[in-house]
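Just so you know, the sequences run in chain order W and Y. Going by the numbering used here, the first residue of the first sequence is number 1, and it counts up by one from there. Going by the numbering used here, the first residue of the second sequence is number 313, and it counts up by one from there. No residue lacks a Cβ here, since even glycine has one placed at the ideal position from N, Cα and C. Small disclaimer: the values here were computed from a predicted structure and weren't measured.
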Amino acid sequence: MNETVLVLTLAAAVSAGTPLALAALGALLSERAGVLNLGIEGIMLVGAVTAFLAADASGRPLVGLAAGVLAGAAFTSLHAFLSVTMRANQIVSGLALVIFGTGIATFLGQSIEGRPLAARLPRTSIVGLADIPVLGRVLFSQDVVVYGTWVVIVLAALYLTRTRTGLALRSVGESPATADAVGIRVAAMRYAHVIIGGGFAGAGGAYVILARVPAWAQAGTTNGIGWIAIALVVFASWRPLRALAGAYLFGAALRANFALQAAGITAVPAEFLAMLPYVLTIVVLMVLSATDTRSRLGAPAALGAPFVRDER
Amino acid sequence: MTSWFGRLRLEKRNAPGTGVLLLVPLVSVVAALLFGAVFLSLIGLAPVAVYREMLRVSYTTGYGIADTLVSATPLILTGLAAAIAFRFKLYNIGGEGQLYVGAIAASGAALAFGDRLTGPAAILLVIVAGALGGAVWIAVPALAKAWLGTSEIITSLLLNYVALFLMQYLIFGARTFWRDPESATFPQGARIPDATRLPTLGTTRVNLGLVVAVLAAVVLYLLLTRTRIGYRWRVFGDAPAAARYAGIPSRQVIVVVLLLSGALAGLAGATEVAGRAGRLDPTGLALNIGYNGIIVAALARYNPLAVIPVGLLLGGVLNAGPALQTLPGARVPVAISTMLTGAILLFALAGELFVRYRIRMRDPADVEELAEQATTAVASPRAGTGPEAEA
C-alpha cells in the first residue's frame, strides 16, 4: 500500500465515520436521559429518504440535510411518546421504529430506487489547513458536515459536563426520582433529548445519502450502521468525544475492504470482508463487557426504565 | 392541576381482562390502516380501494388463503422464536440471521444426505438441521450474555448482517456446494432431493411446515404453563432476584432459552427451504421474516398460542403487498405491507398502556387514598412486576 492509498483510505474512514458519529451522538443524548433508542437504523433510513427527496427537489444538498434532521426528529417523537408517556417497553418500541422506518423509507423511496442523486455535498477544503501534508488531505479536505460534526460533538461534550441543563440531563438518566424531587421536569427532559437525538440520527442518515452511497438502495442504504452506532455509545462510555474517535475507528473498518482490494488483496471474498465491521463490533462489545468495568459503570443507571412518579 | 387532563389517573391493573386483550390488537390494526391511508393518499392512491384489494388477494379467494397460510408458516415460527425469548426478557432480535443459517444448514444437509433417505427420516433430517443451524447462530450471543454479561440485543442483531453476507456468498459469491452448477449467468441454489421436500396439501403450496409451526406453538405453550422448567423460566423472567434466591441457575436459563429461540427461527429457514423454495434462495429468504416475527410476538403478547392467529393475520398483510404486484396495472408500492405491519406494532405498543393500566378520572385526594389501599391490599406476585423495560 503506497502513501496515496493510505491517505485516501484515512480520508474515506473519516467520511465513513461521520454518519456513525452523528447517529451515535443521537443515541447517546437519548440514553443520557435514560431512554434507550434502538430505533436509530430506522430513523437514519427515514432521514436518508427525506434528504434525497428534498435535495433532489431543491437541488441543494443542505436543504436535504435540514429535511433529514427534521424528519428524523419528527419520526423519533413516536419513540419519545411511546417510551415516556405510554411507558412502553423501550426495546420493543425501538425495534418498532426500525421496522416502521424501513417500511416508510422503502415506501417513499420506491420512485427513486437505484437513482443517483445529483445534488451531492460538495468538497469544501479549509483554506490553509488543507495544505498540511497528509493531515490536510485526511481531515481538512472534506465537506461541511464533517466539520459540523466536530462542532456539535464538542458542544455536546461541553453541554454534558459544563452546563446546568447538562447536569440536569445526567441526573434524569441516573436517578429520575431524585431529579424529580429537586424540581427537574423529567418527562420534558426525556422528550427533548430523545427528539433532538433523533434529529442527529436523521442527519447521519441524510449524510449517508448526500455524501456516501451513490444511489438510494432501500434498507441497503444504511446497511446496519445505525446498530453499529448504538454499540459505539457503549464503546464510548456515553461520552461524545470518545464516540467521535470510535466512529472514525469503525469508519476505517467499514472502508477496510476497499483498502484491501485497492492494495491488491483478493484472496478473501468480498462478502467476508463486508462482514468485518459487524464481527468487529460484536468482538469489541464482548471484550468491553469482559474486561472494562468502567464502560459498564458509564451507563446511565436508569437506562431503559420508564419513570412513574407514583410508582416508586 | 385543574384541567380534566391533569385529573386523569393511571391505575395498575392486577390482571388484564380478555376484553382489553382482544381490543388492543384490533384497534391497533384499524389505527395502522388509517395511518397507512394517509401515506397512500400522499402518493395519489385511493386507500379504500387498496385495502379492499389487499383483503381480496389474501383472505377471500382459495388461492389467496393458501398463499396467506404459506406466508404465515415461517412467520409463526419466527414469532415463537421472539415470543419465547422476549417473554423472559431475553431480546433475541437476530431471528432474521438465524433463519438464514437454518436455511443454509437445512439445504446443506438435504443436498449432502437427502439422496440416501426416504420418508419421515428425510424430512426429519432437514428440520433438525435447520433447528441446529439457528441454534448455532445464537450460541455466541447466548454464551456472551450468560458469562460476560454482554447485551444480547446488539450482538444478535449484528449477526443478521453476517448471515446475509454468508448466504449471498454461498450462492452469488463462488461456486459452492449450495449453488446449482448449471446456473452460470443467474446463479441460484441447487435443488434439494424430492424426498427432503415437505409434503403439500392437495394441489396447494400449503405444506407440512404449517403443521410443524402449530405443533411447536402448542408444545411451547404447554412447556411454559404446565412444566417445572416453564415455571423456573417464568420466575427468572419476572423476578430475577427471586430466581437467584430460589437457586435457579440463571446462566443455564439464558443459554437454553436463547438456543431454543434460535432453533425455532432456524426451523423457519428449514420450512422455507424444504417447503416453498426447494433450494437455498437468498433473495426469496431475505423478506424480513425474522424481524416480522418480533411484531407477531409483541402483538401476541409473547403467548405461544396467540402467535398462531396473529401469524395468520400478519401473513395475510405481508402476502398482500407482493400479491398486488402481480395484478395488471399495479401501482401500489410493495412496501405497503412492511409499513402497515410496523405501524400495527407501534399502535399495539401504545395500547399496551391500556392493558397494564386502568384510566380513571377522580378527585386527586380520592386517588391517593385508593392507591394506598391498593398497595397494601394487593399481595399477588403479578402486581409488582413493574416496568418491563429493564434490559
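For residue i, the three-state DSSP class (helix, strand or coil)
i, result
"W:Gly298", "coil"
"Y:Tyr603", "helix"
"Y:Glu323", "strand"
"Y:Thr712", "The requested residue 712 of chain Y does not occur in the structure, where chain Y is confined to residues 313 to 703."
"Y:Pro505", "coil"
"Y:Tyr669", "strand"
"W:Pro214", "coil"
"W:Pro116", "strand"
"W:Arg162", "helix"
"Y:Arg399", "helix"
"W:Arg190", "helix"
"Y:Arg512", "According to the sequence displayed, residue 512 of chain Y carries Thr and not Arg. Y:Thr512: strand per DSSP, three-state reduction."
"W:Asn223", "coil"
"Y:Asn631", "helix"
"Y:Arg563", "helix"
"Y:Arg491", "strand"
"Y:Asn519", "strand"
Proximity test, Cβ basis, 8 angstroms: residue i and chain Y
i, result
"W:Phe107", "yes"
"W:Met1", "Unreliable placement is indicated for W:Met1, whose pLDDT of 48 sits below 50; no coordinate value is reported for it."
"W:Ala327", "Absent from the model: residue 327 of chain W. The displayed extent of chain W is 1 to 312, so no value can be given."
"W:Ser175", "no"
"W:Met86", "yes"
"W:Arg309", "no"
"W:Ser30", "no"
"W:Ile230", "yes"
"W:Leu20", "no"
"W:Leu78", "yes"
"W:Ile40", "no"
"W:Ile99", "yes"
CB contact check: residue i to chain W, cutoff 8 angstroms
i, result
"Y:Phe351", "yes"
"Y:Tyr614", "no"
"Y:Ala610", "yes"
"Y:Leu408", "Sequence check: residue 408 of chain Y is Glu here, not Leu. Y:Glu408 does not count as touching chain W."
"Y:Tyr412", "no"
"Y:Ser692", "Bear in mind that a pLDDT of 44 at Y:Ser692, under 50, signals an unreliable position, so the model cannot answer this."
"Y:Glu702", "With a pLDDT of 40 at Y:Glu702, under the threshold of 50, the modelled position of that residue is not reliable, and the figure given next carries that caveat. With 8 angstroms as the cut-off, Y:Glu702 counts as an interface residue toward chain W."
"Y:Tyr603", "yes"
"Y:Gly596", "no"
"Y:Glu618", "At residue 618 of chain Y the sequence reads Ala, which differs from the Glu that was named. So no, Y:Ala618 is outside the interface."
CB contact flag (residue i, residue j, <8 angstroms)
i, j, result
"Y:Thr467", "W:Leu285", "yes"
"Y:Tyr412", "Y:Glu464", "no"
"Y:Gly654", "W:Phe100", "yes"
"Y:Ala395", "Y:Ile504", "no"
"Y:Gly414", "Y:Ala525", "no"
"Y:Ile560", "Y:Ala580", "no"
"W:Pro61", "W:Arg212", "no"
"Y:Leu611", "Y:Leu657", "yes"
"W:Val145", "W:Val14", "no"
"W:Leu276", "W:Ala253", "yes"
"W:Val279", "Y:Val452", "no"
"Y:Gly501", "Y:Trp449", "no"
"W:Gly68", "W:Gly198", "no"
Closer than 7 angstroms at the beta carbon, the chain Y residues around residue i
i, result
"W:Tyr159", "Within chain Y, no residue comes near W:Tyr159; the closest Cβ sits about 25 angstroms away, beyond 7 angstroms."
"W:Gly286", "The question names Gly, but residue 286 of chain W in the sequence shown is Met. What W:Met286 touches in chain Y: Ala456, Leu460 and Thr462."
"W:Gln110", "Pro645 and Ala647"
Within chain W, the residues that residue i reaches when beta carbons sit closer than 9 angstroms
i, result
"Y:Tyr473", "Asn223, Gly224, Trp227, Ala274, Met275, Pro277 and Tyr278"
Integer Cβ distance of residue i from residue j, believed to fall under 8 angstroms
i, j, result
"W:Ile209", "W:Thr221", "6 angstroms"
"Y:Val547", "Y:Ala554", "6 angstroms"
"Y:Leu532", "Y:Leu392", "6 angstroms"
"Y:Asn631", "Y:Thr380", "5 angstroms"
"W:Ser83", "W:Val138", "No, W:Ser83 and W:Val138 are not in contact; Cβ-Cβ is about 39 angstroms, not under 8 angstroms."
"Y:Leu636", "Y:Glu365", "6 angstroms"
Closer than 9 angstroms at the beta carbon, the chain Y residues around residue i
i, result
"W:Gly103", "Ala647, Ile648, Ser649, Thr650, Met651, Leu652, Thr653, Gly654 and Ala655"
"W:Thr281", "Ile466, Thr467 and Leu470"
"W:Ser237", "What W:Ser237 touches in chain Y: nothing, since even the nearest Cβ is about 15 angstroms away."
"W:Ala290", "Ala456, Trp459, Leu460, Gly461 and Thr462"
Under 8 angstroms from the C-beta of residue i: neighbouring residues of chain W
i, result
"Y:Phe477", "Glu271, Phe272, Ala274 and Met275"
"Y:Leu661", "Leu82, Met86, Ala88, Asn89, Val92, Ser93 and Ala96"
"Y:Ile606", "Val92, Leu95 and Ile99"
"Y:Tyr481", "Pro269, Glu271 and Phe272"
Residue i: contacting residues in chain A (beta-carbon distance under 7 angstroms)
i, result
"Y:Glu584", "This model lacks chain A altogether; the protein chains it does include are W and Y."
Proximal residues of chain W, C-beta to C-beta of residue i below 7 angstroms
i, result
"Y:Ile405", "Leu95"
Residue i Cβ short of 7 angstroms to the ligand ZN heavy atom set
i, result
"Y:Leu617", "Among the ligands in the structure shown, none appear at all, so the ligand ZN cannot be discussed."
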